[in-house]
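S.K.:
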Amino acid sequence: MAKAIVRFFCKSCGHEASKWLGKCPNCEQWNTFSEEIVEKKTSSAKLWIKNTTQKAQPKKVVEIIDGNEQRIFLPDNELNRVLGGGLVTGSITLIGGEPGIGKSTLLLQLALNVQKKVLYISGEESESQLKMRADRIGINNGNCYVLCETSLTSLINHLQHDQPEILIVDSVQTLATDAIDSPPGSISQIKECTAELLRFAKETNVPVFLIGHINKDGNIAGPKVLEHMVDTVLQFEGDRHYNYRILRTLKNRFGSASEIGIYEMRGNGLREIENPSEILISEREENLSGITISCAVEGIRPILLETQALVSSAVYGTPQRTSNGFDLRRLSMLLAVLEKRCGFQLGVKDVFVNIAGGMKLEDPGLDLSIVAAILSSYENIAITSEIAFAGEVGLSGEVRAVSRIEHRISEAEKLGFKEMMVSKYNKGLEEFKTKIKIIQIGKIEEAFEYLFG
Ligand code: TYD
Ligand code: MG
0 MAKAIVRFFC KSCGHEASKW LGKCPNCEQW NTFSEEIVEK KTSSAKLWIK NTTQKAQPKK
60 VVEIIDGNEQ RIFLPDNELN RVLGGGLVTG SITLIGGEPG IGKSTLLLQL ALNVQKKVLY
120 ISGEESESQL KMRADRIGIN NGNCYVLCET SLTSLINHLQ HDQPEILIVD SVQTLATDAI
180 DSPPGSISQI KECTAELLRF AKETNVPVFL IGHINKDGNI AGPKVLEHMV DTVLQFEGDR
240 HYNYRILRTL KNRFGSASEI GIYEMRGNGL REIENPSEIL ISEREENLSG ITISCAVEGI
300 RPILLETQAL VSSAVYGTPQ RTSNGFDLRR LSMLLAVLEK RCGFQLGVKD VFVNIAGGMK
360 LEDPGLDLSI VAAILSSYEN IAITSEIAFA GEVGLSGEVR AVSRIEHRIS EAEKLGFKEM
420 MVSKYNKGLE EFKTKIKIIQ IGKIEEAFEY LFG
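So for the sequence shown, numbering that gives the first Met the number 0 puts the first residue at 0; every next one is plus one.
(1) Are the beta-carbon atoms belonging to Gly-96 and Ile-213 less than 8 Å from one another?
(2) So what's Ile-180 in DSSP terms, helix, strand or just coil?
(3) What would DSSP say about Asn-112, mapped onto helix, strand or coil?
(4) Check the DSSP bridge columns for Pro-301 and list the partner residues they point to.
(5) Considering only C-alpha positions, which residue in the set Asn-140, Thr-203, Arg-135, Arg-70 is nearest to Asp-161?
(6) What does the alpha-carbon distance come out to for the pair Val-421 and Glu-430?
(7) Can you check the region 364–394 for any alpha helix (DSSP H) of at least 4 residues that lies completely inside it and give the ranges in chain order?
(8) Terminal residues of the continuous beta strand (DSSP E) containing Arg-80?
(9) From Val-370 to Gly-316, what does the alpha carbon distance come to, in whole angstroms?
(10) Please name the residue, chosen from Glu-410, Ser-255, Val-145, Ile-36, that lies closest to Glu-126 on a Cα-to-Cα basis.
(11) Bridge partners of His-212, per DSSP?
(12) Starting from Glu-444, trace the alpha helix (DSSP H) both ways and give me its first and last residue.
(13) Going by alpha carbons, who is nearest to Ala-175 out of Val-224, Ile-167, Leu-166, Ile-189?
(14) Met-419 by DSSP, collapsed to three states: which one?
(15) Going by the beta-carbon positions, is the gap between Ser-187 and Leu-414 smaller than 8 Å?
(16) Considering only DSSP beta bridges, list what Val-352 is partnered with.
(17) Just list the alpha helix (DSSP H) runs in the region 148–177, keeping only unbroken ones of 4 residues or longer that don't cross its boundaries, in chain order.
(18) For Ala-16, which of helix, strand or coil comes out of DSSP?
(19) Spatial neighbours of Ser-42 within its chain, please: CB distance less than 6 Å, with the 5 preceding and 5 following residues excluded, ordered by chain position.
(20) For the beta strand (DSSP E) that Val-5 lies in, which residues bound it at each end?
(21) Given this structure, state the Cα-to-Cα distance separating Ser-170 from Val-347, to the nearest angstrom.
(22) With 16 as the cutoff for other CB atoms within 10 Å, does Ala-308 come out buried or exposed?
(23) With a Cβ-Cβ cutoff of 8 Å, do Val-205 and Leu-166 count as a contact?
(24) Between Gly-356 and Tyr-241, which are expected to be in contact by the criterion C-beta below 8 Å, what is the C-beta distance as a whole number of angstroms?
(25) Relative to the C-alpha of Phe-451, which residue among Val-113, Gly-254, Thr-383 is closest?
(26) If you run the structure through DSSP and keep just helix, strand and coil, what is Val-86?
(27) Gly-137: buried (16+ other C-beta within 10 angstroms of its C-beta) or exposed?
(28) Can you check which of these residues, Gly-342, Val-296, Gly-211, Lys-359, is closest to Asn-323 by C-alpha distance?
(29) Within 7 Å: the Cβ of Lys-102 and any heavy atom of ligand 2?
(30) Where Asp-134 and Leu-107 are concerned, what is the direct C-alpha to C-alpha distance, given to the nearest angstrom?
(31) May I ask you to check if the CB of Asn-79 is nearer than 7 Å to at least one heavy atom of ligand 1?
(32) In this structure, does DSSP put Phe-32 in helix, strand or coil?
(33) Strictly by DSSP, which residues pair up with Ile-263?
(34) How big is the Cα-Cα spacing for Leu-394 and Leu-233?
(35) Where does Thr-193 sit, in a helix, a strand or coil, going by DSSP?
(36) Does the Cβ of Asp-349 lie closer than 7 Å to at least one heavy atom of ligand 2?
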């Protein structure tokens, strides 16, 4: 028997070394190396065999026929959007997400609805479990095959005899090749299996979806190398307590990397949400204090959502600051600005901030809306639900310009808002035609004047 070859891999970035190291020289993380046996028995492995012997030749760039990559238009518009306008043939897409978020549901739903021959490989669920799930979702594709398999070698055997038009692998961590002696889910296995599937995709032009689990740190379990190898990396995320799910592009060789798709998890699968603003703004019978509507941008998509604040007298010595969906340090900064520049005594108040719908956004354009909600709750005066806000607040209380202002205004107009408060430093709004009344301000005092003055 051949002598086992032992290598060490960094669990964080996939860096390979011949001996154990305390600190990874590549990503500088400590204590991330683990031992793996990587003995390769290539002679016995029946992996994807190259059917072309012709070597690629250098070509002049001007002679290359440009960008006519073929795309398959999927029956899921949100997925088409995050993929940059449809699924590119021969591409390999990795979908990451926490356990139970709905990765298997998303791709099984795709397999059951697209009018193509699809092979869904599951290493996690049995045939009857898949059938039960398929029945819940509804089967609209007579050409959807499932295979419960964890061996890459037998998978490739199947593919050589019977090629699907789309291949889905759930999940890359359960797949293992006989060519390597380490267990499924280890870095060398993940790398090897992905490399093999990549070769399959590029040679046959069949698009491949890989599902990947996420580890505690929120990275796709296994190394970063996986992200380098594939064409597109998508992340499926959401708050378990809410039904909304966001599919986010992290990397895309065929389109923008800042797209998002929004879904709602239902009893019968995932529903696409074309207009997220409608669900994020609650119906209000009467105007309540502490509620404002912000026009934020997530990726490149404008979303109107409700921001809520509650300011009350602190019962205990140290006032509380609690925030859901908004960065707590940013909230502290906004409170300090309100105190120092505008003289509101917020140091003796408890302040709670909440973004409706369990959304977590990082858009600085939310600031103005949060500030207005805090002031409204502080004064106990409601702000009309016909005004939307978009502006970043700086340390001296100035309201700064935000990106994509035209998109934000158009979105607010589409949803029937009458007014929108933005920074006066956003250029070019004079020529922008809209039915909404635009209020341009330079400082938060002006916002206060306008709203409560
Ligand atoms: P799943 O796709 O198994 O998650 P992952 O593959 O990311 O681990 O999703 C599982 C959750 O989704 C599970 O808690 C049940 C729920 N679910 C629904 O609410 N409706 C449905 O139609 C389906 C199929 C699942
Ligand atoms: Mg799953």
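Quick reminder that beta carbons are idealized off the backbone N, C-alpha and C, glycines included. All figures in this text were calculated on a predicted structure; none of them were measured in a lab.
M.R.: Quick answer:
(1) Reading the sequence shown from its first residue, position 97 is the one you call residue 96. Reading the sequence shown from its first residue, position 214 is the one you call residue 213. Yes, the Cβ-Cβ distance between Gly-96 and Ile-213 is below 8 Å.
(2) Taking the sequence shown and counting its residues from 1, one reaches residue 180 at position 181. The question names Ile, yet the displayed sequence has Asp at residue 180. Coil at Asp-180, not helix or strand.
(3) Position 113 of the sequence shown, counted from the first residue, corresponds to residue 112. In the structure shown, Asn-112 sits in a helix (DSSP, three-state: H, G or I).
(4) Residue mapping note: residue 301 aligns to position 302 of the sequence shown, counting from 1. Pro-301 pairs with Val-296.
(5) Along the sequence shown, one-based indexing puts residue 161 at 162. Of the listed residues, the one whose Cα sits closest to Asp-161 is Thr-203.
(6) Taking the first residue of the sequence shown as 1, we reach residue 421 at position 422. Taking the first residue of the sequence shown as 1, we reach residue 430 at position 431. Approximately 15 Å between the Cα atoms of the pair.
(7) 366–378
(8) Residue numbering aside, residue 80 sits at position 81 when the sequence shown is read from its first letter. Taken as a continuous stretch (DSSP letters only), Arg-80 belongs to no beta strand (DSSP E), being part of the alpha helix (DSSP H) at 76–81.
(9) By one-based count along the sequence shown, residue 370 stands at place 371. By one-based count along the sequence shown, residue 316 stands at place 317. Each residue's Cα considered, the two are about 24 Å apart.
(10) Numbered from 1 along the sequence shown, position 127 holds the residue referred to as residue 126. Considering only alpha carbons, the answer is Val-145.
(11) To locate residue 212, count along the sequence shown from 1; it is residue 213. Paired residue(s): Gly-96.
(12) Counted from its first residue, the sequence shown places residue 444 at position 445. Unbroken alpha helix (DSSP H) run through Glu-444: 443–451.
(13) Within the sequence shown, residue 175 is the residue found at index 176, counting from 1. Here the closest residue by C-alpha is Ile-189.
(14) Within the sequence shown, numbered from 1, the residue matching residue 419 stands at position 420. Three-state result, Met-419: strand.
(15) The count along the sequence shown starts at 1 and reaches residue 187 at position 188. The count along the sequence shown starts at 1 and reaches residue 414 at position 415. Not a contact, by the Cβ cut-off of 8 Å.
(16) By 1-based counting over the sequence shown, the position of residue 352 is 353. Partner(s): Ala-308, Ser-322.
(17) 151–160
(18) On the sequence shown, residue 16 is found 17 positions in, with the first residue counted as 1. Looking at Ala-16 - three-state DSSP - the assignment turns out to be strand.
(19) The residue labelled residue 42 in the question sits at position 43 within the sequence shown. Low local confidence applies: a pLDDT of 44 at Ser-42 is under 50, so the model's placement there is unreliable, with the coordinate-based value given in what follows. Cβ neighbours of Ser-42 beyond the five flanking positions: none.
(20) Counting from 1 along the sequence shown, the entry for residue 5 is found at position 6. Start and end: 5–9.
(21) Walking along the sequence shown from the start, residue 170 turns up at place 171. Walking along the sequence shown from the start, residue 347 turns up at place 348. Near 51 Å, if we compare the C-alpha coordinates of Val-347 and Ser-170.
(22) Counting from 1 along the sequence shown, the entry for residue 308 is found at position 309. Burial call: buried.
(23) In the sequence shown, the residue the question calls residue 205 occupies position 206. In the sequence shown, the residue the question calls residue 166 occupies position 167. A contact, by the Cβ cut-off of 8 Å.
(24) The residue labelled residue 356 in the question sits at position 357 within the sequence shown. The residue labelled residue 241 in the question sits at position 242 within the sequence shown. About 6 Å separates the two Cβ atoms, so the contact holds.
(25) The residue you call residue 451 lines up with position 452 of the sequence shown. When only C-alpha atoms are compared, the closest one is Thr-383.
(26) As a first step, residue 86 must be located in the sequence shown, where it is residue number 87. A small fix is needed here, since residue 86 is Leu in this sequence, not Val. The answer is strand: DSSP assigns Leu-86 an E or B state.
(27) Counting from one through the sequence shown, the residue named residue 137 turns up at place 138. Gly-137 should be labelled exposed.
(28) As a first step, residue 323 must be located in the sequence shown, where it is residue number 324. Minimum Cα distance to Asn-323 is reached at Lys-359.
(29) As a first step, residue 102 must be located in the sequence shown, where it is residue number 103. It does: the Cβ of Lys-102 is within 7 Å (strictly closer) of some heavy atom of ligand 2.
(30) Mapped onto the sequence shown, residue 134 falls at position 135. Mapped onto the sequence shown, residue 107 falls at position 108. So the two alpha carbons sit approximately 11 Å from each other.
(31) Translated into the one-based positions of the sequence shown, residue 79 becomes position 80. No, since every heavy atom of ligand 1 falls outside the 7 Å radius drawn around the Cβ of Asn-79.
(32) Counted from its first residue, the sequence shown places residue 32 at position 33. It is a strand residue.
(33) Here residue 263 corresponds to residue number 264 of the sequence shown, with the count starting at 1. Just to set this straight, residue 263 is Glu in the shown sequence, not Ile. Bridge partners of Glu-263: Tyr-243, Arg-270.
(34) The residue you call residue 394 lines up with position 395 of the sequence shown. The residue you call residue 233 lines up with position 234 of the sequence shown. So the alpha carbons of these two residues sit roughly 35 Å apart.
(35) Working through the sequence shown from its first residue, we reach residue 193 at position 194. Here Thr-193 sits in helix by DSSP.
(36) By 1-based counting over the sequence shown, the position of residue 349 is 350. No, the Cβ of Asp-349 stays beyond 7 Å of every heavy atom of ligand 2.
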